[in-house]
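A.B. asks:
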Amino acid sequence: MPREALPDLSIALTFLRSGQGWSQVDLGKAAGISPKILNEYERGRKTLTRERLEYLIAFLGVPPERIDATLALLAANRASSRARDSETHRRIEAVAAQIGNLMAGSARSSLSLLTREGEALQARQGAEILWGHLKRRAPAQRRELVSRGLRFRTWALCERVAAESIHKAPNHPREALEL
1441 MPREALPDLS
1451 IALTFLRSGQ
1461 GWSQVDLGKA
1471 AGISPKILNE
1481 YERGRKTLTR
1491 ERLEYLIAFL
1501 GVPPERIDAT
1511 LALLAANRAS
1521 SRARDSETHR
1531 RIEAVAAQIG
1541 NLMAGSARSS
1551 LSLLTREGEA
1561 LQARQGAEIL
1571 WGHLKRRAPA
1581 QRRELVSRGL
1591 RFRTWALCER
1601 VAAESIHKAP
1611 NHPREALEL
């Protein structure tokens, strides 16, 4: 007969702590609490709040969103153990886990792409403003501004000036070369 399950947050603390290779003593020292208290949290003898768990895992270098991921894995494990009597339910759990992993990977990739593209768009918008300052100046003044100011030394401004040079090349080759 199975014994009573530990609280989910207690299991998450144990998993995250041991997964990072930390002992209760090490975490206790880092967090300024007794290893005995940590043991009581992990054994479910002392109530562990979400806020307290977030505080503790911060010392491990683990972001708070990993709590939700850990709890989701725990729920999936429990669901798969309940489905052990039926081959159909086992397959459903296996496919659900695969789909979940694919969706998580897709979300990570999409968010990374959006972040990079957003940063690039912001850099290009900034470059347009910088080009507005430079294009009104004589070539010697432009070179002086660029040599003195780091704000004019960006990949996006280089890209913008190169585009201007290409635009000028057919009708104004000297200007294009200067750019």
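Under the working numbering, the first residue of the sequence shown carries the number 1441, and numbering increases by one thereafter. Think of the CB as a built atom: it goes at the ideal place given N, C-alpha and C, for glycine as much as any other residue.
Would DSSP call VAL1586 helix, strand or coil?
C.D. replies: Note: VAL1586 maps to helix in three-state DSSP.
A.B. asks: May I ask you to verify whether the region 1461–1476 touches the region 1511–1521, counting CB pairs closer than 8 Å and requiring at least 3?
C.D. replies: Result no; under three Cβ-Cβ pairs closer than 8 Å.
A.B. asks: Is it buried or exposed, ARG1530, if we count other Cβ atoms within 10 angstroms and call 16 or more buried?
C.D. replies: Its Cβ having fewer than 16 others within 10 Å, ARG1530 is exposed.
A.B. asks: For ARG1506, tell me which candidate among ILE1569, LEU1570 and GLY1459 has the shortest Cα-Cα distance.
C.D. replies: For ARG1506, the nearest C-alpha among the options comes from GLY1459.
A.B. asks: Taking its Cβ as the centre, do 16 or more other Cβ atoms sit within 10 Å of GLN1464, making it buried, or is it exposed?
C.D. replies: With 16 or more other Cβ atoms within 10 Å, it is buried.
A.B. asks: Spatial neighbours of LEU1585 within its chain, please: CB distance less than 8 Å, with the 5 preceding and 5 following residues excluded, ordered by chain position.
C.D. replies: The residues are HIS1573, LEU1574, ARG1577 and PHE1592.
A.B. asks: I need the DSSP call for LYS1608, collapsed to helix, strand or coil.
C.D. replies: LYS1608: helix per DSSP, three-state reduction.
A.B. asks: May I have the straight-line CA-CA distance separating GLU1444 from ALA1537, to the nearest angstrom?
C.D. replies: For GLU1444 and ALA1537, the distance between alpha carbons rounds to 26 Å.
A.B. asks: Taking all protein chains shown into account, decide if GLU1482 is buried (16 or more other Cβ within 10 angstroms of its Cβ) or exposed.
C.D. replies: Label assigned to GLU1482: buried.
A.B. asks: What does the Cβ neighbour count give for TRP1462, buried or exposed, with the cut at 16 atoms within 10 Å?
C.D. replies: With 16 or more other Cβ atoms within 10 Å, it is buried.
A.B. asks: Between the C-alpha atoms of PRO1613 and ALA1580, what's the straight-line distance to the nearest angstrom?
C.D. replies: C-alpha separation (whole angstroms): 17 Å.
A.B. asks: Does DSSP put TRP1462 in a helix, a strand or coil?
C.D. replies: In this structure, TRP1462 counts as coil in the three-state DSSP scheme.
A.B. asks: Just mark LEU1453 as buried or exposed, buried being the case when its beta carbon has 16 or more other beta carbons within 10 Å.
C.D. replies: Buried, by the Cβ-count rule.
A.B. asks: Consult DSSP for VAL1535 and reduce its assignment to one of helix, strand or coil.
C.D. replies: VAL1535 falls in the helix class under three-state DSSP.
A.B. asks: Given a cut-off of 8 Å on the beta-carbon distance, is the pair LEU1597 and TRP1571 in contact?
C.D. replies: It is a contact, given that the beta carbons lie within the stated cut-off.
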